[in-house]
Amino acid sequence: MEILWISIAYILGLGASYLNLPPLVGYLVGGFILGEWGVDESPAIHTIADIGILLLVFNIGLKLNLESIFNREVLTIGVAHLVFTGVGFSLLFLMAEMPLSSAIFLGLGMTFSSTVFAAKMLEERSELGAFHGRLTLGILVMQDLAAMGMLVAAKGSAPSPWALLLLLCIPLLRSPLKHILTWSGHSELLLLYGIFIALGGGYVFEFLGLSPELGALIAGMLLANHSSSGELSSVIWGIKEIFLVGFFLQIGLGGLPELQDSKWILILIISLPLRAITQFCLGTLLHLRARTSFLSVIALFSYSEFLLIVTDDAVRNNILSPNWLSTLAFLITISLIIAAPLSRASHSLFIYFEQWLTFFERRGFHPDAESEYIKQAKWLIIGMGRAGTAAYNLLVQQNQQVWGLDSDPVSVEKHIEKKRRVICGDAEDPELLEKINVKLLVGVILVVPDLDARLRFSKSLRRNGFQGVLSTTSFYPEEDAKLYESGVNLVFHPIAEGGERLAERALNSVGSVIFKSVDS
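The sequence shown: position 465 = 465 (the UniProt record's numbering), numbered continuously.
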């Protein structure tokens, strides 16, 4: 049976990719097809889905910084959004003569956004560390905590008394867990340790009556800022992606809703833009820039898979009728299908609507504004990961005036501690180039993983009058033509050219070894 859902997932995921949609859209449709064929949710798919979610949340935790998440903007927007939209949805259900407890339960659940979807899309574009990424994750964490409270309310029982003791002991676990991570080295033990900590944290929390997703998130946060946390995140990436296929298939396996329930699907889909507008207005009222509010809104546009978990408990405890499970499963699928292309085009959409969206910005201080200007730079490196840092160091050795730019403030702080001239900024931000005198630059090195981000920045740089050398990386041959068309002068292929460089050095070493051998 497993070969059937793997085949369906691959075929429909491939079809979605050719339609320029994320493969997860195909997986969702595949789940409904399997559900209509009468294929039940097997224990294997359920287990795979649970592992995929825990690995994803653990991966998020590896990159989190608590101080940057639980700030004033996150707390205010998160709480206000829960209150305003929760009350609005609850009133909607009350007008449909739903019992008060059911209306409040569903109304609050409708405020949640998909953690899996938002985190996956932000992670793919390396935006988890950007201001809007941290804002989005902070709001999602708050929503998950609210969902935990709903689960407790639905069950009518509190978590185990041992849960409080565990929460108090968590800070004491950081040091030993990091030491073990160091001992794990760089082999398969690193991967095995990461999976063990992710699943172990989830299962311990679940055993004590807490959310397993919260357990995996905290487990990742305990290992954050370790020298090997980035490597651990990379090795878990591919495995996580495979397991998440099971999650998206699982959503659709509950089957299609009854015809009489389709009215609620239509009403709640229409409510999505109203929910988004509420959050956007809350962001701008708190002096956030329109860009930050808009990108966060798009990332949170879909309904949450957590809603299904909460609804399942509510059905078991007679708070909601069973037909809501299939209705909400289909609703979440439709919302994800709508959100996927919006999320992929979020930066382009903001540029298109910028003049209207910025009208709502409040004057004065913006906490998400990059206040620093790049001065007297001849070279600019966008993306200060390992490759960007290596390029920076080489240019400094050649006595070049070089500045680096990265969207992750934690990474920027580490570079500043090492006396590198690096500032915090987002290459996708239209205002960024206003703070750079591009006519003074002789070269720009663009080291960001997302192809669309590279293309947009390259075009924007050329439109603003940059005449120097623009170089970037290309991971696939089909990317080369698009990059050259966008204004790139030099394309570097890390894998292929890295191998060629290694072969050249090996040949030179052979000559040197032979010369030394003859001389001796």
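Every residue, glycine too, gets a C-beta built ideally from N, C-alpha and C.
Predicted model, so just to flag it, every value in this text is computed and none were measured.
### Residues of its chain near residue 135, where Cβ-Cβ distance is below 7 angstroms and the 5 sequence neighbours each way are ignored
Taking the sequence shown and counting its residues from 1, one reaches residue 135 at position 135. The residues are 73, 74, 292, 296.
### Query
Can you round the beta-carbon distance between residue 26 and residue 15 to whole angstroms, since I take them to be within the 8 angstroms contact cut?
For the purposes of this step, residue 26 is taken as residue 26 along the sequence shown, with counting starting at 1. For the purposes of this step, residue 15 is taken as residue 15 along the sequence shown, with counting starting at 1. Yes, residue 26 and residue 15 are in contact; Cβ-Cβ is about 6 angstroms, under 8 angstroms.
### Message
Alpha carbons only, please: which of 253, 107, 171, 170 is nearest the one belonging to residue 38?
### Response
The residue given as residue 38 occupies position 38 in the sequence shown. Looking at the Cα atoms, 253 is the closest of the given residues.
### Message
Between which residues of its own chain and residue 437 is the CB-CB distance below 7 angstroms, once the five residues before and five after are set aside?
### Response
Within the sequence shown, numbered from 1, the residue matching residue 437 stands at position 437. Hits under 7 angstroms: none found.
### Query
First and last residue of the beta strand (DSSP E) that includes residue 471?
Counting from 1 along the sequence shown, the entry for residue 471 is found at position 471. Element bounds for residue 471: 469-473.
### Query
When the Cα of residue 323 is compared with those of 494, 298, 308, which residue comes out closest?
One-based indexing of the sequence shown puts residue 323 at position 323. Nearest of 494, 298, 308 to residue 323, Cα basis: 308.
### Task
Give me the Cα-Cα distance between residue 223 and residue 131, rounded to the nearest whole angstrom.
Along the sequence shown, read from residue 1 onward, the residue named residue 223 stands at position 223. Along the sequence shown, read from residue 1 onward, the residue named residue 131 stands at position 131. One C-alpha to the other measures close to 22 angstroms.
### Task
Could you pull the start and end residues of the beta strand (DSSP E) that residue 379 belongs to?
By one-based count along the sequence shown, residue 379 stands at place 379. First-last of the beta strand (DSSP E) with residue 379: 379-382.
### Query
Hey, how far is the Cα of residue 169 from the Cα of residue 229?
Against the sequence shown, residue 169 aligns to sequence position 169. Against the sequence shown, residue 229 aligns to sequence position 229. Distance between the alpha carbons of residue 169 and residue 229 is about 22 angstroms.
### Task
Return yes when the Cβ of residue 465 is within less than 8 angstroms of the Cβ of residue 443, no when it is not.
For the purposes of this step, residue 443 is taken as the residue at position 443 of the sequence shown. For the purposes of this step, residue 465 is taken as the residue at position 465 of the sequence shown. Not in contact: residue 443 and residue 465 (Cβ atoms no closer than 8 angstroms).
### Task
Using three-state DSSP, classify residue 280 as helix, strand or coil.
Reading the sequence shown from its first residue, position 280 is the one you call residue 280. DSSP places residue 280 in helix when its eight states are reduced to three.
#### Entry: Residues bridged to residue 403 [DSSP beta-bridge criterion]
Numbered from 1 along the sequence shown, position 403 holds the residue referred to as residue 403. According to DSSP, which records beta bridges pairwise, residue 403 is partnered with 380.
#### Entry: Separation of residue 246 from residue 403, as counted between CA atoms
Here the question's residue 403 lines up with position 403 in the sequence shown. Here the question's residue 246 lines up with position 246 in the sequence shown. Their Cα atoms are separated by approximately 43 angstroms.
### Close beta carbons around residue 76, own chain, < 8 angstroms, minus the five adjacent residues each side
In the sequence shown, the residue the question calls residue 76 occupies position 76. Around residue 76: 282, 286.
#### Entry: contact_flag[the segment 261-280, the segment 43-51] where n(CB pairs < 8 angstroms) is 3 or more
no
### Inter-residue spacing [alpha-carbon to alpha-carbon] between residue 387 and residue 447
The sequence position of residue 387 within the sequence shown is 387, counting from 1. The sequence position of residue 447 within the sequence shown is 447, counting from 1. Each residue's Cα considered, the two are about 7 angstroms apart.
### Query
Taking the C-alpha atoms as reference points, what is the distance between residue 423 and residue 127?
For this step, residue 423 is matched to residue 423 along the sequence shown. For this step, residue 127 is matched to residue 127 along the sequence shown. Using only the alpha carbons, I get a separation of about 16 angstroms.
### Query
Do you know how far the Cα of residue 17 is from the Cα of residue 498?
In the sequence shown, residue 498 corresponds to position 498, counting from 1. In the sequence shown, residue 17 corresponds to position 17, counting from 1. Straight-line Cα distance between these residues: approximately 29 angstroms.
#### Entry: When 234, 418, 507, 119 are compared against residue 188, the one with the closest alpha-carbon
By one-based count along the sequence shown, residue 188 stands at place 188. If we check each option's Cα against that of residue 188, 234 comes out closest.
### Task
Apply the 10 Å Cβ neighbour rule to residue 260 and answer buried if 16 or more other Cβ atoms are within range, or exposed otherwise.
Counting from one through the sequence shown, the residue named residue 260 turns up at place 260. That one is exposed.
### Whole runs of the alpha helix (DSSP H) within the segment 275-340, excluding any shorter than 4 residues
290-299, 306-316
### Query
Anyone know if the C-beta pair for residue 305 and residue 116 falls short of 8 angstroms?
For this step, residue 305 is matched to residue 305 along the sequence shown. For this step, residue 116 is matched to residue 116 along the sequence shown. Yes; because the gap between Cβ atoms is below 8 angstroms, this pair is in contact.
#### Entry: Every unbroken alpha helix (DSSP H) inside the segment 76-152 [4 residues or more]
100-109, 115-124
### Query
Since residue 432 contacts residue 426 with CB under 8 angstroms, what's their CB separation in whole angstroms?
Mapped onto the sequence shown, residue 432 falls at position 432. Mapped onto the sequence shown, residue 426 falls at position 426. Indeed, because the Cβ distance is near 7 angstroms, the residues count as touching under 8 angstroms.
### Task
Express the C-alpha separation of residue 470 and residue 487 in angstroms, rounding to a whole number.
The count along the sequence shown starts at 1 and reaches residue 487 at position 487. The count along the sequence shown starts at 1 and reaches residue 470 at position 470. Going by the C-alpha atoms only, they are around 7 angstroms apart.
### Query
Within the present structure, is the beta-carbon of residue 424 separated from the nearest heavy atom of the ligand ADP by less than 7 angstroms?
For the structure depicted, the ligand ADP is absent and the ligand set is empty, with no information on it obtainable.
### Query
Considering only residues of the same chain and omitting the five flanking positions on each side of residue 409, which have a CB-CB separation below 6 angstroms?
For this step, residue 409 is matched to residue 409 along the sequence shown. Here the set comprises 424.
### Query
Just to confirm, are residue 314 and residue 320 a CB contact at a threshold of 8 angstroms?
Residue numbering aside, residue 314 sits at position 314 when the sequence shown is read from its first letter. Residue numbering aside, residue 320 sits at position 320 when the sequence shown is read from its first letter. Against a cut-off of 8 angstroms, the Cβ pair of residue 320 and residue 314 comes out as a contact.
### Query
Is the Cβ-Cβ distance between residue 61 and residue 217 less than 8 angstroms?
Taking the first residue of the sequence shown as position 1, residue 61 is located at position 61. Taking the first residue of the sequence shown as position 1, residue 217 is located at position 217. Result yes, Cβ atoms of residue 61 and residue 217 sit closer than 8 angstroms.
#### Entry: residue 212 classed as buried or exposed, judged by whether at least 16 other C-beta atoms fall within 10 angstroms
Counting from one through the sequence shown, the residue named residue 212 turns up at place 212. Answer is buried; the Cβ neighbour count reaches 16.
### Query
What do you get for residue 376, buried or exposed, if any count of 16 or more other CB atoms within 10 angstroms of its CB means buried?
Indexing the sequence shown from 1 puts residue 376 at position 376. Result: exposed.
### Message
Am I right that residue 453 and residue 125 are in contact with their C-beta atoms under 8 angstroms? What's the rounded C-beta distance?
### Response
Counting from one through the sequence shown, the residue named residue 453 turns up at place 453. Counting from one through the sequence shown, the residue named residue 125 turns up at place 125. Indeed, because the Cβ distance is near 6 angstroms, the residues count as touching under 8 angstroms.
### Query
Considering only C-alpha positions, which residue in the set 310, 312, 275 is nearest to residue 294?
Working through the sequence shown from its first residue, we reach residue 294 at position 294. Closest option to residue 294, Cα to Cα, is 275.
#### Entry: Under 8 angstroms between C-beta atoms of residue 139 and residue 46
Along the sequence shown, read from residue 1 onward, the residue named residue 139 stands at position 139. Along the sequence shown, read from residue 1 onward, the residue named residue 46 stands at position 46. Cβ atoms of residue 139 and residue 46: not closer than 8 angstroms.
### Message
Within the continuous beta strand (DSSP E) that includes residue 490, where are the two ends?
### Response
Locating residue 490 in the sequence shown gives position 490, counting from the first residue. From DSSP, the beta strand (DSSP E) with residue 490 extends over 490-492.
### Task
Look at the Cβ atom of residue 455, then the Cβ atom of residue 380, and state whether they are nearer than 8 angstroms.
Here residue 455 refers to the residue found at position 455 when the sequence shown is read from its first residue. Here residue 380 refers to the residue found at position 380 when the sequence shown is read from its first residue. No. Outside cutoff.
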